[in-house]
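Asks:
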Amino acid sequence: MRTTLKLTRTLAAAVALVALSGCAAPTPWVKPYEREHLADPIMSFNRDPISSGYVEHVLETREGAHGATGAVGGGCGCN
Amino acid sequence: MQLTPRPRRARAHPGPELSPFARTLLALAVITAPALGGVLPEDRADVMWHSYDGGDITVTGPEVLVRKKIGDNLSLSAGYYEDMISSASIDVKLSASPYHEVRKQENYGIDYLHGKTTYSAGYIHSREPDYIADTTYYSVSQDMFGDLTTLTLGYRRGWDQVFRDIKTPDGIIENDPTFHERADHHGYSLSLSQILTRNLIVNFNYELLTDQGYLANPYRKIRYLSAGGLGFTLADQVYPNTRTSNAASVQLKYYLPWHASLAAQYRFFRDTWGIVANTTELDYTLPVWKHWIFDGSLRYYEQTHADFYSDLFPRADYQNYMARDRELAAFHSYMAGAGASYQFQVPGATWINRSSANLNVEHLLIDYSDFRDALLAAEYGAGREPLYRLNANIFQVFVSIWY
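Top line first, the protein sequences correspond to chains A and B. Just so you know, we're using our numbering here: the first sequence kicks off at 35 and counts up by one. Just so you know, we're using our numbering here: the second sequence kicks off at 869 and counts up by one.
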């Protein structure tokens, strides 16, 4: 019983710590006003989705590997 | 008014009671967790013409993509894509007939923003004369830790119907009534985007994919050694009915002091068919002369062959599963790309915030390590033909407007 209680408390503290870590957000190491460079369109990983999606499609149909690119493509019989 | 304490009810499931401290922590967690948020994608429309030319295959066609916000929390997107294919590839010449066909694809998406959580869903429908594919996808994205971190969980599901075209005695091409197969796909993804410094951002992506059903190309053939003729005989491929793949990637993007950016990407892939692949890519983006943005990219890709792949099997029925699809062969490839984007304002169209005209050109070179040009068997002998090499040029011309 004592062990269960201890475990529950530890779990509660862990869950709270993870969720409350959002409360630590008011002091992020990169402040919102320091994100000018990151907000520049040239810093986007996917500046033109229409273009990156097309290239992804071309490569997927010619290679054995696929996935983990952040894009979702539909299936096709393109081989 | 006097308040009287309510009599304490008996607990249905007696157990350990949390201390006031633990309850306070949990309550705070529940209250604060949803108070984080994100940003919806910009309203924009793109119209593109694309072209692929390589290995005696030409694929051209249009694509349109439109995205529009409805209110502050909802964003809708719709797209149309077309491939007009003219193929006389090495595979087609060996075991089928050159063909022309059109593939059409529509896609619809919805993004809903609640606090700093974005819920996304979408549907993609693709159809060609001998293949129909439907895909749905769902994802939840959460910004956290002062918007330095974005965590996204995704799931996608695909249903494919595979047909096989035959030519009737009258010369009409139609679906073979005796052939109708299906393939199902599931994908589970996790991605984490992290701001590291005021100039550096990193993305981690992981995806688990499972495929089940008819996973082969019904037109392509294996070849095995035989006496006489060209020294080989063609036979149907036999694929496993299941495949599980794991892919993980890391992407870094760095803002350079002279207003440019450098991106690096690495992806590792492994599946249950024995394919192991590595992908590395570098991209450089440079805005110049106020209205122009130039891009350059280099990509290197390598993969091992599938366990059941062979360019030339020793005999018929050599093993349970046999394939000769080039995509399952061992090869490495290089892709070099360049792009130019011109930013402009449309005169008189006050509802358009900005516009761009874009040209992207890529060259793809694939060097196969164990896929030979079987069309040259008469000249060199079966199994001694030169290794196949693919050169392809890829063009994209598109116009984008933001409104």
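Backbone N, C-alpha and C define an ideal beta-carbon position, used for all residues, glycine too.
Let me know the secondary structure DSSP gives residue 1087 of chain B once reduced to three states.
Replies: Residue 1087 of chain B falls in the coil class under three-state DSSP.
Asks: Quick one: measure Cβ to Cβ for residue 106 of chain A and residue 1099 of chain B, integer angstroms, because I've assumed they're closer than 8 angstroms.
Replies: Rounded, the Cβ-Cβ distance is 45 angstroms, inconsistent with contact.
Asks: Under 9 angstroms Cβ-Cβ, which residues of chain A neighbour residue 972 of chain B?
Replies: Those do not exist, as residue 972 of chain B stays about 10 angstroms from chain A at its closest Cβ, beyond 9 angstroms.
Asks: Quick one: list the residues of chain B neighbouring residue 73 of chain A, beta-carbon separation under 8 angstroms, in chain order.
Replies: Per Cβ cutoff of 8 angstroms: no residues; residue 73 of chain A is ~10 angstroms from chain B at best.
Asks: Leaving out the 5 sequence neighbours to the left and right, which residues in its chain are closer than 8 angstroms to residue 1050 of chain B when beta-carbon positions are compared?
Replies: The residues are 1027, 1028, 1029, 1030, 1081 and 1082.
Asks: Hey, quick one: how far does the beta strand (DSSP E) through residue 964 of chain B stretch, first residue to last?
Replies: It is not in any beta strand (DSSP E) - residue 964 of chain B carries neither H nor E in the DSSP assignment.
Asks: Please identify the residue among B/1196, B/995, B/1048 and B/984 whose C-alpha is closest to the C-alpha of residue 1019 of chain B.
Replies: Considering only alpha carbons, the answer is B/984.
Asks: Where are the alpha helix (DSSP H) runs, 4 residues long or more, that stay fully inside the segment 1032–1057 of chain B, in chain order?
Replies: Within the segment 1032–1057 of chain B, no complete alpha helix (DSSP H) run reaches 4 residues.
Asks: On the criterion of 16 or more Cβ atoms from any shown chain inside 10 Å, does residue 64 of chain A qualify as buried, or is it exposed?
Replies: So residue 64 of chain A ends up on the buried side.
Asks: Where does residue 76 of chain A sit, in a helix, a strand or coil, going by DSSP?
Replies: Three-state result, residue 76 of chain A: helix.
Asks: Please report how far the alpha carbon of residue 1242 of chain B lies from the alpha carbon of residue 1255 of chain B, in whole angstroms.
Replies: For residue 1242 of chain B and residue 1255 of chain B, the distance between alpha carbons rounds to 9 angstroms.
Asks: Checking contacts by CB at 8 angstroms: is residue 918 of chain B closer than that to chain A?
Replies: Yes, because at least one Cβ of chain A sits closer than 8 angstroms to the Cβ of residue 918 of chain B.
Asks: What does residue 1030 of chain B reach in chain A if we use C-beta pairs closer than 9 angstroms?
Replies: Chain A residues near residue 1030 of chain B: 111.
Asks: Roughly how many whole angstroms lie between the Cα atoms of residue 1157 of chain B and residue 1211 of chain B?
Replies: Going by the C-alpha atoms only, they are around 10 angstroms apart.
Asks: Excluding sequence positions up to five away, which residues of its chain have a Cβ less than 6 angstroms from the Cβ of residue 1162 of chain B?
Replies: If we look at residue 1162 of chain B and ignore the five residues flanking it on each side, its Cβ neighbours are 1154 and 1208.
Asks: Is it right to say residue 97 of chain A is buried, meaning 16 or more other beta carbons lie within 10 angstroms of its own, or is it exposed?
Replies: Classification of residue 97 of chain A: buried, given that the 10 Å Cβ count is 16 or more.
Asks: Name the two residues that bound the continuous alpha helix (DSSP H) containing residue 1214 of chain B.
Replies: Element bounds for residue 1214 of chain B: n/a, residue is neither H nor E.
Asks: Check the Cβ of residue 97 of chain A against every Cβ in chain B and list those closer than 8 angstroms, keeping chain order.
Replies: Here the neighbours are 1145, 1169, 1171, 1195 and 1201.
Asks: Spell out the partners DSSP gives residue 1114 of chain B in its beta bridges.
Replies: DSSP, once it has assigned bridges, lists B/1076 and B/1138 as partnering residue 1114 of chain B.
Asks: Please compile the residues from chain B whose C-beta is within a distance smaller than 7 angstroms of the C-beta of residue 90 of chain A.
Replies: Ordered by position in chain B, no residue passes the 7 angstroms Cβ test against residue 90 of chain A, which lies about 12 angstroms from the chain.
Asks: May I ask you to report which of helix, strand or coil DSSP gives residue 87 of chain A?
Replies: In this structure, residue 87 of chain A counts as helix in the three-state DSSP scheme.
Asks: In its own chain, which residues sit with a C-beta less than 6 angstroms from the C-beta of residue 1200 of chain B, not counting the 5 before and 5 after it?
Replies: Excluding sequence neighbours, residue 1200 of chain B sits near 1170 and 1235.
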